[in-house]
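Engineer:
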Amino acid sequence: MIKAVKGTRDILPPSSGVWNRVEAVAREVFRTYNYQEIRTPILEDTALFTRGVGEDTDIVGKEMYTFEDRDGSSLTLRPEATASVMRAYIEHRLDQKPGLQKLYYIGPMFRRERPQKGRYRQFFQIGAEAIGSDSPAVDAEVIEMVLEVLKRAGLTGFKLLLNSVGDANCRPAYVAALKERLQEVAPGMCADCRRRAETNPLRVLDCKVPQDQPIIDALPSIHDHLCDPCKQHFEAVTAYLRDRNIDFEIRPRMVRGLDYYMRTTFEIVHGALGAQNSVLGGGRYDGLAESLGSRVHSPGIGFSIGEDRLVMSVEQEHPDAHHPALDLYIAPMGAEAERVAASIAYDLRSSGASVELGLDGKLKRSLELANKLAARFCLILGDDELAAGQFQLKNMTSGEQEMVTRESLPARLNSR
């Protein structure tokens, strides 16, 4: 028997209903903030990620699905979407359009990392990018928007973590101080940290190995090295968030796992996910466009939600969320009743009601199935009902029954 590839999975009903609702919530929130959808290819030139994400990141060094095409070019299944969005922004000259470019995406990404709770090799992200401004007001609005997505999706008890990782002016001095300190402590850390201490010291701060955390907590803080513009930017972001009564915790040693981030970075964590508890992450990437060959300075900020992890958290908080209510189950008894039932179902579905048409012909089994499908009502059609022109409508919650005509049925469903 052929099974799904390791690290991938099938999303089946009723869980797929939760996925649909989470995505619908995200689309509605994005609409209210004037974000428009962008859809980029799943396949990209490998250079997009080596240049944009960074050669010394775990994503590029260990996790990408890269292969040689028949013409000898190197292609990669996208491991993240920000670089793809920026590539499209540059290629299609979106910088020539007026105002801030607000774009969102929903779709699959691919990384060959060890499968674990809420993490897969094909996973899904919901993300957004605001490109064209370096204002701290945009940072705060992006954070506000993503919190609204989580709240409307039904998630509670999450925590916003915030930091600034400086810029090209002040970060080199911090990296030098960090590297100097790591020469003393890195030998006692994990193998990845020992390697990163030489190749990319900032990545050490992104280590998730529990035994390394006390050492990381004692490393130098970037807040002691921020230049005045970066300090002012971060202070403005935090002031905007306080104005909105948004709670946050500053984590001076929190960095994101991609090289293009600068200044504002943030994560949102949730206890339902265990040790690897990040639901989403994001930050500012003011130099990404230039690293991809653009001659136009295009500062931006964005985030990506791990949709697999968000859905899992929502399902844990709301165990009944994956049982969408069916408006009506129709139980016809006999061939003539089946014809009439099919016609009734057509009319009700055309008006927007969700209807399941039973074909079993046995009342007891039909009522059992209506219960399993969480139907609000069951309409019973037999020879007597057809002759009288009235049908039995059973409330599946209260057990009450009433007689309804075909004409009065839509109003009865809507009134309840």
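First residue of the sequence shown? That's 1088 in the numbering used here, and the numbers climb one at a time after it. Glycine included, every Cβ here is placed at the ideal spot set by N, Cα and C.
1. Note down, one range per segment and in chain order, each beta strand (DSSP E) of at least 3 residues found wholly within the region 1317–1377.
2. For a test of the three-state rule: what should DSSP assign to residue 1490, helix, strand or coil?
3. Restricting to runs no shorter than 4 residues, where is the alpha helix (DSSP H) found entirely within the region 1420–1476?
4. Could you name the residues of the same chain whose beta carbon sits closer than 8 angstroms to that of residue 1362, not counting the 5 residues immediately before and after it, in chain order?
5. Ignore the nearest five residues each way along the sequence and tell me which others in residue 1355's own chain have a CB closer than 8 angstroms to its CB.
6. Closer than 8 angstroms is the cut-off here; do at least three beta carbon pairs connect the region 1156–1165 with the region 1118–1126?
7. Determine the extent of the alpha helix (DSSP H) in which residue 1231 is found, giving its start and end residues.
8. Give the range of the beta strand (DSSP E) segment to which residue 1212 is assigned.
9. Please list, in chain order, all residues of the same chain as residue 1371 whose beta carbon is under 8 angstroms from its beta carbon, the five residues on each side excluded.
10. Count Cβ pairs between the region 1463–1483 and the region 1422–1430 that sit closer than 8 angstroms; are there 3 or more?
11. Fully enclosed by the region 1252–1325, which alpha helix (DSSP H) runs are 4 residues long or longer?
12. Taking the straight line between their C-alpha atoms, what separation do you get for residue 1333 and residue 1219?
13. Once DSSP output is grouped into helix, strand and coil, what is the label at residue 1414?
14. For residue 1130, which residues in the same chain have their Cβ closer than 6 angstroms to its Cβ, ignoring the five residues on either side in sequence?
15. Could you please give the first and the last residue of the uninterrupted alpha helix (DSSP H) stretch that includes residue 1166?
16. So is residue 1291 buried or exposed if we call it buried at 16+ other beta carbons inside 10 Å?
17. For residue 1482, which residues from the same chain have a beta carbon less than 7 angstroms from its beta carbon, with the 5 sequence-adjacent residues on both sides left out?
18. What is the DSSP secondary structure of residue 1155, counted as helix, strand or coil?
19. With a cut-off of 8 angstroms on the beta carbons, I'd call residue 1153 and residue 1169 a contact; round off their distance for me.
Structural biologist: Taking the structure as given:
1. 1349–1356 and 1365–1371
2. For the purposes of this step, residue 1490 is taken as the residue at position 403 of the sequence shown. It is a strand residue.
3. 1422–1437, 1450–1459 and 1470–1475
4. Numbered from 1 along the sequence shown, position 275 holds the residue referred to as residue 1362. Any answer about residue 1362 is weak, because its pLDDT of 49 lies below 50 and its placement is not dependable; what the coordinates show is given next. Excluding sequence neighbours, residue 1362 sits near 1295 and 1297.
5. Taking the first residue of the sequence shown as 1, we reach residue 1355 at position 268. Taken in chain order, the residues that qualify are 1233, 1234, 1237, 1245, 1246, 1247, 1248, 1365, 1366, 1367 and 1368.
6. no
7. Numbered from its first residue, the sequence shown carries residue 1231 at position 144. Element bounds for residue 1231: 1223–1240.
8. In the sequence shown, the residue the question calls residue 1212 occupies position 125. Its beta strand (DSSP E) spans residues 1209–1218.
9. For the purposes of this step, residue 1371 is taken as the residue at position 284 of the sequence shown. Answer for residue 1371: 1221, 1226, 1348, 1349, 1350, 1351, 1352, 1386, 1387 and 1388, listed in chain order.
10. yes
11. 1258–1272, 1278–1286 and 1300–1304
12. Mapped onto the sequence shown, residue 1333 falls at position 246. Mapped onto the sequence shown, residue 1219 falls at position 132. About 25 angstroms.
13. For this step, residue 1414 is matched to residue 327 along the sequence shown. Residue 1414: strand per DSSP, three-state reduction.
14. Start at 1 with the first residue of the sequence shown, and residue 1130 comes out as number 43. Around residue 1130: 1162.
15. Locating residue 1166 in the sequence shown gives position 79, counting from the first residue. Note, residue 1166: premise wrong, no alpha helix (DSSP H); not H, not E.
16. As a position in the sequence shown, residue 1291 is number 204, starting the count at 1. The residue in question, residue 1291, is buried, as its Cβ has 16 or more Cβ neighbours within 10 Å.
17. Translated into the one-based positions of the sequence shown, residue 1482 becomes position 395. Within the same chain, residue 1482 has close Cβ partners 1464.
18. Residue 1155 sits at position 68 when you count from the first residue of the sequence shown. Reduced to three states, the DSSP call for residue 1155 is strand.
19. Counting from 1 along the sequence shown, the entry for residue 1153 is found at position 66. Counting from 1 along the sequence shown, the entry for residue 1169 is found at position 82. Rounded, the Cβ-Cβ distance is 18 angstroms, inconsistent with contact.
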